[in-house]
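Peer 1: Chains as they are written, first to last, in our numbering: chain A, 199 to 400; chain B, 8 to 108. Glycine included, every Cβ here is placed at the ideal spot set by N, Cα and C.
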Amino acid sequence: MSVAQAHAAPAHDTSTGLSHAKVAVWTFLASECLLFGALISTFLLYRSRSLSGPTPSRHTYDIVYTSVSSFILLMSSLTMVLALAAIQRGDHQKLRVWLMATALLGMCFISGQVYEFTRFVQDGLTIKTNVFGSSFFLLTGFHGLHVTVGILMLLSLYLMSLDGRLPSNRAETVELVGLYWHFVDIVWIVIFTVVYLIPAGK
Amino acid sequence: MQAEAESELAHHPSPREYVKVAIILAVATGAEVGLFYMNLPHALFVLLLLFFAAIKFSLVVLWFMHLRFDSQIFRRLFLLGLSLATAVYLIVLSIFGIFRG
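1. Quick one: Cα of residue 33 of chain B to Cα of residue 343 of chain A, how far?
2. Anything in chain A within Cβ reach of residue 99 of chain B, meaning under 7 Å, just list it in chain order.
3. Here's the rule I'm using: 16 or more other beta-carbon atoms within 10 Å means buried, otherwise exposed. How should residue 29 of chain B be labelled?
4. Please compile the residues from chain B whose C-beta is within a distance smaller than 8 Å of the C-beta of residue 372 of chain A.
5. Whole angstroms is fine: what's the gap from residue 114 of chain B's alpha carbon to residue 359 of chain A's?
6. For residue 351 of chain A and residue 47 of chain B, I'd like the C-alpha separation in whole angstroms.
7. State buried or exposed for residue 26 of chain B, treating a residue as buried only when at least 16 other CB atoms are found within 10 Å of its CB.
8. Quick one, which residues of the segment 217–237 of chain A are near chain B if we go by CB-CB under 8 Å, in chain order?
9. Considering only C-alpha positions, which residue in the set A:245, A:272 and A:241 is nearest to residue 384 of chain A?
10. In whole angstroms, give me the CA-to-CA distance for residue 339 of chain A and residue 242 of chain A.
11. Return the Cβ separation of residue 337 of chain A and residue 276 of chain A in integer angstroms, given the expectation that the two are a contact with Cβ distance under 8 Å.
12. Please work out which residues of its chain come closer than 6 Å, Cβ to Cβ, to residue 62 of chain B, disregarding the five sequence neighbours upstream and downstream, and give them in chain order.
13. So, with DSSP's three-state summary, where would you put residue 367 of chain A?
14. Alpha carbon to alpha carbon, how far is residue 244 of chain A from residue 98 of chain B? Give it in angstroms, no decimals.
15. If you drop the 5 nearest sequence neighbours on each side, which residues of the same chain put their C-beta closer than 6 Å to that of residue 379 of chain A?
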């Protein structure tokens, strides 16, 4: 029996027996698929239709650098589930450690993105340069915005826990923030492949 | 449905399982980067990258987001959004000829 199993919460007192908050978050994430689908499709449509300025190639992206960023974001998903497992077994100290680790990894990812954007701007690629620049900055910028919101939620959970306002019976709150965080991670898995690796490998 | 909700909560992976999944994710990312530096034909390169991305995507959704263990309703909700997005945008991209040469 896993630790999480031993501390499984009772079913919810709703008509479906499911948490309405969790249903709402999954519905929200389903709608986010459409949002990011639109942004990724826009990038795919416009990436090679620029009349001037840089276009995606092996020389445009720093694949090693982006791979490290991707690895950092992936590992933040691990620390997020470890935070959830910690609150489910009532270990609040570990919960705070893993929440802070997740937030810090998220901040590393965002710092990397800021550095990458700065380098692109220095190389003459801005959101106004061409349609590749517009669609690239729109997509990755929107993703970065989602990561930033996730970091704010993680820090809020950390402060709530410090304040004693996140008891073990509110483990679902951590799970819901975790769902959002993992979603941001899976979006990056797609972006890393479709936006970075495939065009740069041509 | 109540029983389904209870069984949903009955099994979440242990921290050890989470770490194993994270190791597979890290290896898959390393493999993707490795592919980038191999001189593979472009079609094979794209196919392998999509394969690794699909594995990573599924692992995160099924284990870290618990869709493998949670209620079927959550799985259906998410798959609805995901498949709708995939279908709509594949059609849009096809209309604009993105898959031609």
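Peer 2: Straight from the coordinates:
1. 24 Å
2. 239
3. buried
4. Those within 8 Å of residue 372 of chain A in chain B number zero; the least Cβ separation is about 12 Å.
5. No statement about residue 114 of chain B is possible, as the shown extent of chain B runs from 8 to 108 and does not include it.
6. 42 Å
7. exposed
8. 220, 221, 224, 225, 227, 228, 229, 230, 231, 232, 234, 235 and 236
9. A:272
10. 16 Å
11. Not confirmed; about 25 Å, so no contact.
12. 35
13. helix
14. 16 Å
15. 278 and 348
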